[in-house]
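Peer 1: My structure is below; once you've seen it, I'll send some questions.
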Amino acid sequence: MPERSEYSCTLTGASFLFFELKQVLHLKEQGLQDSEIKEQIRAENLFGYKVKSSIKRSLPSVLRRINALDDTLRQMVLEKPVETGKIINLYAIMKTDRLFFEFMSEVVREKLERNDYHLERKDVNVFMTSKAEQDDTVAAWTEMTVDRLKQAYVKVLFDAGIVRDRKTGELSRILMDVELKRHLVSIGDKAYVKAMGEWVE
């Protein structure tokens with residue numbers, strides 16, 4: 002289970018960032034420290050952004066996600082098929098974002114367990130309203146922030162392959178690599194595997 006960290010709305014400015022994650026992992030593999038990585042990415046615009054200032058917004062989230070991965074998972078991102086890398090990225094987002102993990106666990110997992118393959122707007126609305134009633138931090142967010150966060154959640158699920166169609170909200174089960182599933186369970190992260198809709202004993 003994730004640590005009892007504060008709820009955050011950083012996904013509004015971060016989103017999936019899988020390409021960026023792989024770029025940073027390649028630099029990590031070369032032995033570069035976070036400060037050196039920041040410098041090289043800015044100097045060479047390795048994220049390929051039209052506006053370099055966007056790096057300042059996305060890079061902290063990418064580094065935070067990578068630092069939540071052990072060496073085995075980092076290697077899997079670089080060596081396994083893209084689909085597996087995306088699942089690991091989704092896992093890293095959950096590891097670093099308590100609210101998103103709870104959304105996955107309480108909404109997405111429960112739907113998949115019931116074989117309900119349709120994520121409706123009201124599902125996301127009810128989740129956010131419930132959290133606002135339970136937590137002062139979420140309650141203090143503006144309507145615009147909450148709307149952007151809802152959109153970010155759906156986009157992350159789409160990029161990860163769980164939402165098949167963003168307009169209809171059609172859901173799809175991920176096909177988790179057996180080695181990845183075994184590793185996540187072995188390091189005590191069964192809750193994250195379940196949150197992605199996978200069955201675990």
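Just so you know, my numbering puts 67 at position 66 of the sequence shown, and the rest follows in order with no gaps. C-beta atoms are modelled at their ideal positions from N, C-alpha and C, and glycine is treated no differently.
Please list the terminal residues of the continuous alpha helix (DSSP H) segment that includes residue 155.
Peer 2: Residues 144-161.
Peer 1: Mapping the DSSP letters down to three states, classify residue 165 as helix, strand or coil.
Peer 2: Note: residue 165 maps to strand in three-state DSSP.
Peer 1: Would you list the residues sitting across from residue 113 in a DSSP beta bridge?
Peer 2: DSSP lists no partner for residue 113.
Peer 1: Kindly indicate which residue of 38, 103 and 25 has the alpha-carbon position closest to the one of residue 7.
Peer 2: Ranking 38, 103 and 25 by Cα distance to residue 7 puts 103 first.
Peer 1: Bridge partners of residue 171, per DSSP?
Peer 2: Answer is 119 and 166, bridged to residue 171.
Peer 1: Roughly how many angstroms separate the alpha carbons of residue 56 and residue 78, rounded to a whole number?
Peer 2: Near 21 Å, if we compare the C-alpha coordinates of residue 78 and residue 56.
Peer 1: For residue 166, count neighbouring Cβ atoms within 10 angstroms of its own Cβ and tell me buried if that reaches 16, exposed if not.
Peer 2: The residue is exposed, with fewer than 16 neighbouring Cβ atoms inside 10 Å.
Peer 1: What separation, rounded to the nearest whole angstrom, lies between the Cα atoms of residue 126 and residue 185?
Peer 2: Those two C-alpha atoms are separated by around 30 Å.
Peer 1: Could you tell me which of 100, 153, 138 and 86 sits nearest to residue 23, measuring between CA atoms?
Peer 2: The shortest C-alpha separation from residue 23 is found at 86.
Peer 1: Can you give me the Cβ contacts of residue 119 inside the same chain, cut-off strictly under 7 Å, excluding the 5 residues immediately before and after it?
Peer 2: If we look at residue 119 and ignore the five residues flanking it on each side, its Cβ neighbours are 170, 171 and 172.
Peer 1: Using the beta-carbon count (16 or more within 10 Å), is residue 20 buried or exposed?
Peer 2: Flag for residue 20 reads exposed.
Peer 1: Taking the alpha-carbon of residue 30 as reference, which of 88, 75, 9 and 191 has the nearest alpha-carbon?
Peer 2: For the residues 88, 75, 9 and 191, the minimum Cα distance to residue 30 belongs to 75.
Peer 1: Just to check my reading of the structure: residue 97 and residue 10 have Cβ atoms closer than 8 Å, yes? What is that Cβ distance to the nearest angstrom?
Peer 2: In fact, because the Cβ distance is near 13 Å, the residues do not count as touching under 8 Å.
Peer 1: Using three-state DSSP, classify residue 11 as helix, strand or coil.
Peer 2: Three-state DSSP puts residue 11 in coil, outside helix and strand.
Peer 1: Nearest to residue 100 by alpha carbon, out of 39, 129 and 201?
Peer 2: Ranking the options by Cα distance to residue 100, first place goes to 129.
Peer 1: At the level of alpha carbons, what is the spacing between residue 152 and residue 16?
Peer 2: If you take the alpha carbons of residue 152 and residue 16, they lie about 10 Å apart.
Peer 1: On the DSSP letters alone, give me the boundaries of the alpha helix (DSSP H) that residue 139 sits inside.
Peer 2: Unbroken alpha helix (DSSP H) run through residue 139: 137-140.
Peer 1: On the three-state DSSP scale, how would you describe residue 199?
Peer 2: In the structure shown, residue 199 sits in coil (DSSP, three-state: anything other than H, G, I, E or B).
Peer 1: Exposed or buried, which one is residue 199 when buried takes at least 16 other CB atoms within 10 Å?
Peer 2: Buried: at least 16 other Cβ atoms inside 10 Å.
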